[in-house]
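A.B. asks: One structure, pasted below without further comment.
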Amino acid sequence: MSASKESPREWGAHIWIGANFFAWLRLCASARFRFGWRQAYLFPICTASSLGNTLLGYLQNLRDGEKIRETELTQEPLFIIGHWRTGTTWLHELLMLDARHHCPTSADCLHPTRSMSVGKLKRYFNWLMPEKRPMDNVKLGWDTPQEDEFALLLLGAPSPYQKIAFPNHHYPLEELLDLDRLPIPEQKTWERVFVRFIQTMTYFDSRRLVLKSPPHTCRIPKLLKLFPKAKFLHIVRNPISVIPSTIKLWTTLYRTQGLQTPNLRNLQDEVLRTHTHVYQRLEQTVGMIPPTQFHELRYEDLVDRPIDQLEQAYRTLGLGSFEQYRPVLESYLQGQGQFEKNRFNLSEDLVSLIRKECGQMMRKYGYS
Numbered sequence: 000m001s002a003s004k005e006s007p008r009e010w011g012a013h014i015w016i017g018a019n020f021f022a023w024l025r026l027c028a029s030a031r032f033r034f035g036w037r038q039a040y041l042f043p044i045c046t047a048s049s050l051g052n053t054l055l056g057y058l059q060n061l062r063d064g065e066k067i068r069e070t071e072l073t074q075e076p077l078f079i080i081g082h083w084r085t086g087t088t089w090l091h092e093l094l095m096l097d098a099r100h101h102c103p104t105s106a107d108c109l110h111p112t113r114s115m116s117v118g119k120l121k122r123y124f125n126w127l128m129p130e131k132r133p134m135d136n137v138k139l140g141w142d143t144p145q146e147d148e149f150a151l152l153l154l155g156a157p158s159p160y161q162k163i164a165f166p167n168h169h170y171p172l173e174e175l176l177d178l179d180r181l182p183i184p185e186q187k188t189w190e191r192v193f194v195r196f197i198q199t200m201t202y203f204d205s206r207r208l209v210l211k212s213p214p215h216t217c218r219i220p221k222l223l224k225l226f227p228k229a230k231f232l233h234i235v236r237n238p239i240s241v242i243p244s245t246i247k248l249w250t251t252l253y254r255t256q257g258l259q260t261p262n263l264r265n266l267q268d269e270v271l272r273t274h275t276h277v278y279q280r281l282e283q284t285v286g287m288i289p290p291t292q293f294h295e296l297r298y299e300d301l302v303d304r305p306i307d308q309l310e311q312a313y314r315t316l317g318l319g320s321f322e323q324y325r326p327v328l329e330s331y332l333q334g335q336g337q338f339e340k341n342r343f344n345l346s347e348d349l350v351s352l353i354r355k356e357c358g359q360m361m362r363k364y365g366y367s
């Protein structure tokens, strides 16, 4: 029986084929080129692809480089922050219904050195993109909103997502999240890559840029240094849902995108430790943000009352007239129906452990 056009594709290319050549070599060197034997074939493939990416990046720089370097933001960027699996992707998609916003797409983030050429030829590259994310039911496509951390990673900026490539290698995840404890040259590299990415996005579209990346939750000092008037929208969710979903996220990414077969040892402890770090870091740095540039909401409230929650966020952050946005938002929500969430059968031991490790955060946000 032949597959219909509606049948989902189960395969997608590895994200590493979108890397810059020098970023790819640094990534491999960071784990001493310790590829798994089943994944070793990816080294020549990704190396060849990275050379092509870098060449196209040079060509784009020759054409537009000077204009991009001179580009200034016309509006303050809006950063969606929050731990993984708290609803940041959904919130990103809702905000992108507002025609006054734009964001990095999958084309921009997964092929950042040649996003413009991929954008023009994306219909020929659909076979590279799975129809849904492997860890949940969210649709994927070259035009869907994407996490800018992937672009930074593939352009050579230090990132905790290096561990997706080499899950068995030890990386200083907290330092890569916070950035300000990294050596100064690495911090400068991150700032240079990030600012150039923002300038590139703004050069091709001057609307307000909406960026979503969980690691940015730990980078408020750095983001305010680069963009003092940036706005922040923080979403939080019950850890009883977040922790098992995050474990599944990393398990899936390590297995589908890893360059070595993951052993997954200590993954649960790592997820719990990182969750605690993210909220401790947020607590330590959120006071640096002026009140008119920060708004916080709960995922559960956004699900129950999306229009009310977003209207309040627009009012607090000064994002412009909500009434201009309301009709398209209402139409979208009416057409969505019931979203099927991942379901987990949690052991009592895991629930007790989550309550113990995340108790302070749960009490603060009303999850006790």
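Mind the numbering: the sequence shown is residues 0 to 367 in numbering that gives the first Met the number 0, read in order.
For each residue, glycine too, the CB sits at the ideal point set by N, CA and C.
Are the beta-carbon atoms belonging to W15 and C45 less than 9 Å from one another?
C.D. replies: The residue given as residue 15 occupies position 16 in the sequence shown. The residue given as residue 45 occupies position 46 in the sequence shown. Their beta carbons are under 9 Å apart, which means W15 touches C45 by this criterion.
A.B. asks: Measure how close the beta-carbons of P166 and Q259 come, nearest whole angstrom, since I'm counting them as under 8 Å.
C.D. replies: Within the sequence shown, residue 166 is the residue found at index 167, counting from 1. Within the sequence shown, residue 259 is the residue found at index 260, counting from 1. Rounded, the Cβ-Cβ distance is 7 Å, consistent with contact.
A.B. asks: Assuming L225 and E185 form a contact by the criterion Cβ under 8 Å, report the distance between their Cβ atoms to the nearest whole angstrom.
C.D. replies: Residue numbering aside, residue 225 sits at position 226 when the sequence shown is read from its first letter. Residue numbering aside, residue 185 sits at position 186 when the sequence shown is read from its first letter. At roughly 16 Å, the Cβ-Cβ gap does not stay under 8 Å, so L225 and E185 are not in contact.
A.B. asks: Out of curiosity, what's the CA-to-CA distance linking E322 and L328?
C.D. replies: Position 323 of the sequence shown, counting from 1, holds the residue named residue 322. Position 329 of the sequence shown, counting from 1, holds the residue named residue 328. Their Cα atoms are separated by approximately 10 Å.
A.B. asks: Assign L349 to one of three DSSP states: helix, strand, or coil.
C.D. replies: As a position in the sequence shown, residue 349 is number 350, starting the count at 1. DSSP places L349 in helix when its eight states are reduced to three.
A.B. asks: Locate the beta strand (DSSP E) running through K230, then write down its first and last residues.
C.D. replies: For the purposes of this step, residue 230 is taken as the residue at position 231 of the sequence shown. Where K230 is concerned, the enclosing beta strand (DSSP E) stretches over 230-235.
A.B. asks: Between the C-alpha atoms of Y331 and D142, what's the straight-line distance to the nearest angstrom?
C.D. replies: To locate residue 331, count along the sequence shown from 1; it is residue 332. To locate residue 142, count along the sequence shown from 1; it is residue 143. Going by the C-alpha atoms only, they are around 17 Å apart.
A.B. asks: Between G257, T112, S205, which lies nearest to L58 when the distance is taken from Cα to Cα?
C.D. replies: Indexing the sequence shown from 1 puts residue 58 at position 59. Minimum Cα distance to L58 is reached at T112.
A.B. asks: Hey, L153 and P243: beta-carbon distance below 9 Å or not?
C.D. replies: In the sequence shown, counting from the first residue as 1, residue 153 sits at position 154. In the sequence shown, counting from the first residue as 1, residue 243 sits at position 244. No, they are not a contact pair.
A.B. asks: Excluding the 5 residues flanking F196 on each side, which residues of the same chain have their C-beta closer than 6 Å to its C-beta?
C.D. replies: Position 197 of the sequence shown, counting from 1, holds the residue named residue 196. The answer, listed in chain order, is A150.
A.B. asks: In the DSSP output, what is H294 paired with across the bridge?
C.D. replies: Within the sequence shown, residue 294 is the residue found at index 295, counting from 1. DSSP output for H294 lists L232 as bridge partner(s).
A.B. asks: Considering only the alpha carbon of each residue, which of R297, D204, P144, K221 lies closest to E174?
C.D. replies: Mapped onto the sequence shown, residue 174 falls at position 175. Comparing Cα positions, the closest option is K221.
A.B. asks: Please state whether DSSP places F203 in a helix, a strand or coil.
C.D. replies: As a working note, residue 203 is residue 204 in the sequence shown. Correct three-state label for F203: helix.
A.B. asks: Would you give the residue range spanned by the beta strand (DSSP E) that I14 belongs to?
C.D. replies: Sequence index remark: in the sequence shown, residue 14 carries index 15 (1-based). Neither: I14 is in no beta strand (DSSP E) and is coded neither H nor E.
A.B. asks: DSSP on I183, reduced to helix/strand/coil?
C.D. replies: Here residue 183 refers to the residue found at position 184 of the sequence shown. Helix, per DSSP.
A.B. asks: For I80, report the span of its beta strand (DSSP E) as first-last.
C.D. replies: Within the sequence shown, the letter at position 81 stands for residue 80. That run of the beta strand (DSSP E) goes 77-80.
A.B. asks: Got a sec? Which residues, its chain only, sit under 6 Å from L301 by beta carbon, not counting five neighbours each side?
C.D. replies: What you label residue 301 is simply residue 302 of the sequence shown in a count that begins at 1. Same-chain partners within the cutoff: Q308.
A.B. asks: Per the DSSP calculation, P144 is bridged to which residue(s)?
C.D. replies: Counted from its first residue, the sequence shown places residue 144 at position 145. Per DSSP, T104.
A.B. asks: Throw me the rounded Cβ distance for the Y298 and G86 pair, which I believe falls under 8 Å.
C.D. replies: Reading the sequence shown from its first residue, position 299 is the one you call residue 298. Reading the sequence shown from its first residue, position 87 is the one you call residue 86. Y298 to G86, Cβ: 4 Å. Contact.
A.B. asks: On the premise that F231 lies in contact with Q292, defined as a C-beta separation below 8 Å, what is that separation, rounded to the nearest angstrom?
C.D. replies: On the sequence shown, position 293 is the one that residue 292 refers to. On the sequence shown, position 232 is the one that residue 231 refers to. 6 Å between Cβ atoms; contact.
A.B. asks: Measuring straight from C-alpha to C-alpha, what distance separates D179 and L96?
C.D. replies: Position 180 of the sequence shown, counting from 1, holds the residue named residue 179. Position 97 of the sequence shown, counting from 1, holds the residue named residue 96. Each residue's Cα considered, the two are about 34 Å apart.
A.B. asks: Could you tell me the distance, in whole angstroms, from the CA atom of S205 to the CA atom of L72?
C.D. replies: The residue labelled residue 205 in the question sits at position 206 within the sequence shown. The residue labelled residue 72 in the question sits at position 73 within the sequence shown. The straight-line gap from Cα to Cα measures roughly 7 Å.
A.B. asks: So what does DSSP say about L175, is it helix, strand or coil?
C.D. replies: The count along the sequence shown starts at 1 and reaches residue 175 at position 176. Note: L175 maps to helix in three-state DSSP.
A.B. asks: Excluding the five sequence neighbours on either side, which residues of its own chain have a C-beta within less than 6 Å of the C-beta of A30, listed in chain order?
C.D. replies: On the sequence shown, position 31 is the one that residue 30 refers to. For A30, where only same-chain residues beyond five positions count, the Cβ hits under 6 Å are F165, H168.
A.B. asks: In chain order, what residues of the same chain have a beta carbon less than 6 Å from the beta carbon of G17, not counting five sequence neighbours either side?
C.D. replies: The residue you call residue 17 lines up with position 18 of the sequence shown. Around G17: L109, H110, L153.
A.B. asks: Can you give the beta carbon distance from I67 to Y253, rounded, assuming they're within the 8 Å contact cut?
C.D. replies: Position 68 of the sequence shown holds residue 67. Position 254 of the sequence shown holds residue 253. Contact doesn't hold; Cβ gap of about 34 Å is too wide.
A.B. asks: Where are the alpha helix (DSSP H) runs, 4 residues long or more, that stay fully inside the stretch 37-86, in chain order?
C.D. replies: List check, alpha helix (DSSP H) in window: 41-68.
A.B. asks: Just how far apart, CA to CA, sit S49 and F20?
C.D. replies: As a first step, residue 49 is located in the sequence shown; it is residue number 50 there, counting from the start. As a first step, residue 20 is located in the sequence shown; it is residue number 21 there, counting from the start. Roughly 4 Å separates the two Cα atoms.
A.B. asks: As a quick exercise: from A106, Q74, W83, pick the residue whose alpha carbon is nearest that of R99.
C.D. replies: Position 100 of the sequence shown, counted from the first residue, corresponds to residue 99. Ranking the options by Cα distance to R99, first place goes to Q74.
A.B. asks: Can you list, in chain order, the residues of its chain with a C-beta nearer than 8 Å to that of P305? Leave out the 5 residues immediately preceding and following it.
C.D. replies: Here the question's residue 305 lines up with position 306 in the sequence shown. If we look at P305 and ignore the five residues flanking it on each side, its Cβ neighbours are L93, L328, L332.
A.B. asks: For the stretch 280-332, which segments carrying the beta strand (DSSP E) assignment without a break, of at least 3 residues, lie completely within its bounds, in sequence order?
C.D. replies: Here the runs fully enclosed are 293-297.
A.B. asks: Given that a residue counts as buried once 16 or more other Cβ atoms are within 10 Å of its Cβ, and exposed if not, what is K211?
C.D. replies: In the sequence shown, the residue the question calls residue 211 occupies position 212. With 16 or more other Cβ atoms within 10 Å, it is buried.
A.B. asks: Nearest by alpha-carbon distance to L24: which of L77, R37, T53 is it?
C.D. replies: Within the sequence shown, residue 24 is the residue found at index 25, counting from 1. Minimum Cα distance to L24 is reached at T53.
A.B. asks: Spatial neighbours of E146 within its chain, please: C-beta separation below 7 Å, excluding the five flanking residues on both sides.
C.D. replies: By one-based count along the sequence shown, residue 146 stands at place 147. These residues qualify, in order along the chain: C108, K211, S212.
A.B. asks: Could you check how far apart the C-beta atoms of A229 and P76 are, in whole angstroms? I think they sit under 8 Å.
C.D. replies: Taking the sequence shown and counting its residues from 1, the one referred to as residue 229 is at position 230. Taking the sequence shown and counting its residues from 1, the one referred to as residue 76 is at position 77. Confirmed, Cβ separation roughly 5 Å.
A.B. asks: Look at the alpha carbon of P43 and the alpha carbon of T250, and state the distance between them as a whole number of angstroms.
C.D. replies: Here residue 43 is taken as the residue at index 44 of the sequence shown, counted from 1. Here residue 250 is taken as the residue at index 251 of the sequence shown, counted from 1. Cα to Cα, P43 sits roughly 25 Å from T250.
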